[in-house]
Amino acid sequence: MTATPASTVPPPTVDDVMIVLGTVIDPELGADIVSLGMVPSVDVAPDGAVTVGIKLTIGGCPLRADIKREVENRVSVHPGVTDVTISWGEMNADERSEVMTKARWNARQNAPDTEVPLTCKVLAIASGKGGVGKSSVTVNLAAAVAAAGHTVGVLDADIWGFSVPRLLGISERMEASKVDGADKPKIIPNERSVGDGLLKVVSTGFLVAEDTALMWRGLMLTKAVEQFLRDVRWGELDYLFIDMPPGTGDVQMGLARMLPSTDLIVVTTPALAAQKVAQRAADMAQRSFLKVVGVIENMSAFTCDHGESYALFGSGGGQALAEAIDAPLLGHVPLEASVAAGGDSGEPVSLDGSGAAADAFRAIAARILTDIAPPSDPDAIDMAGCSARLFDTVNAAFAELDANP
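The numbering used here puts the first residue of the sequence shown at 918, with every later residue one more than the last.
Shown next as structure tokens:
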């Protein structure tokens, strides 16, 4: 691209060009191309001709034309620039990995506002594959924590495979209404009292029939979870348990972006093969700068009536996973019919059930409350960096000046 000649104006410096390039945003990664490391070189000739080296994540990047147009338009505005040329390159595997890490970090630092309170402890229950009992673990832990006197949210983020409504015995449809003078209606979670506490539950299962197949693509799934976080009137919450879909796809990445303070608990079965798959969920969390706070081994040994124990799904997977990802093993939940029966009836076994599985869930919940994620003390949270506190401080200062001119 040739810019208007400007013989009386000196050409820009390399730093000048880099500053301008810092305003060019990669539309897919959501950050500027300089901070992402996409500009390895800038050359400015004495006659004002500028050559910008740009490395794309892939050579055939569909956004190449957009980036080219933005670079040319912005750099050519400088009166000392006579021509703008782009030298294209392609990143190697290490460079691509570094760029994606920076993009995820930038997304984390610019997380959008949600209705989840800042004081709420967010725990995502994840797995590398389906069929490990992740949903039953989620509802049993949430119910046990609520029974201890806490207000607990349960977000069923497994949009396709929702099962939380049945597991908690809740069938009412969710409604939306305007609350506290809001400009638009907010979704109201379904509630269930548990002991001295309260469960607030959100799921697509409250919006469609239980046997309806949701044939949604990744973008729609991410938007649905985003709506559950931004358009649900969660209100007061001590904890939010998120039943994650299996794997490491769009929903997981969206949640990591919107709730960067989330801690992850990974569920696996005892089989070493399942442990290897579950390790991918932990790797996803670490790449998204989320903390993995524990591992739960579900469906451990089955004990028959005469006391003999059988490792039907193998053994050692939970411990191996915990050691591999350097996270504590929070407990083993044995294979018992009472867990399935409780799920079918909507009465989590962790509430009033008896047996080893019920005891295991309650013990893990107690460890969460005392060790892994103790409830927040709102009065002890340092809000000095929050905009709301900053405005309060400024307003107080002006009020003092008005009172004492």
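For each residue, glycine too, the CB sits at the ideal point set by N, CA and C.
According to the DSSP secondary-structure assignment, D1180 is paired through a beta bridge with L1040, K1208. Per DSSP, the continuous beta strand (DSSP E) segment holding E1092 begins and ends at 1092-1094. Beta-bridge partners of V1001 (DSSP): V967. For N1107, the beta-bridge partners assigned by DSSP are V1118. Distance from the CA atom of R1013 to the CA atom of A948, rounded to whole angstroms, is 14 Å. Looking at the backbone, the Cα of P1251 and that of L1189 are separated by about 17 Å. Spanning the alpha carbons of M1216 and S1255 requires a straight line of approximately 12 Å.
Annotated as distal: D960 and T1068, with beta-carbon spacing of 8 Å or more. Around the beta-carbon of D1011, fewer than 16 other beta-carbon atoms lie within 10 Å, marking it exposed. The three-state secondary structure of G1248, taken from DSSP, is strand. When Cβ pairs closer than 8 Å are counted between the two stretches, the segment 1065-1081 is seen not to touch the segment 1215-1233, the count staying below three.
Taking the Cα positions, V1049 is about 6 Å away from T1185.
Rounded to whole angstroms, W1151 and F1145 show a C-alpha spacing of 9 Å.
Contact between the segment 1228-1246 and the segment 1268-1278 is absent: fewer than 3 CB-CB pairs across the two stretches fall below 8 Å. Here S1178 is exposed. Its C-beta has fewer than 16 other C-beta atoms within 10 Å. The alpha-carbon separation between V1001 and I950 amounts to approximately 17 Å. Measuring C-alpha to C-alpha distances from G1122 to each of R1083, D1113, R1109, S1110 identifies R1083 as the nearest.
Non-local C-beta neighbours of G1171 in its own chain, meaning closer than 7 Å and more than five positions away in sequence, comprise T1139, V1142, E1143, ordered along the chain. In this structure, P927 sits away from D983, with a CB-CB distance that is not shorter than 8 Å.
Here L1035 is exposed, its C-beta having fewer than 16 other C-beta atoms within 10 Å.
Residue pairing from DSSP places S1226 in a beta bridge opposite T1220.
About 7 Å separates the CB atoms of A1290 and V1210; that is less than 8 Å, so the two are in contact.
Taking 8 Å as the cut-off, the Cβ atoms of V1119 and P1102 do not count as close. Nearest in C-alpha terms to G1248, of all of L1058, M955, V988, is L1058. Just so you know, the alpha carbons of L1181 and K1051 end up roughly 12 Å apart. Comparing alpha-carbon positions, the option among D1269, I1042, K1208, S1226 lying closest to F1158 turns out to be I1042.
P1265 sits close to A1060, with the two beta carbons spaced by under 8 Å.
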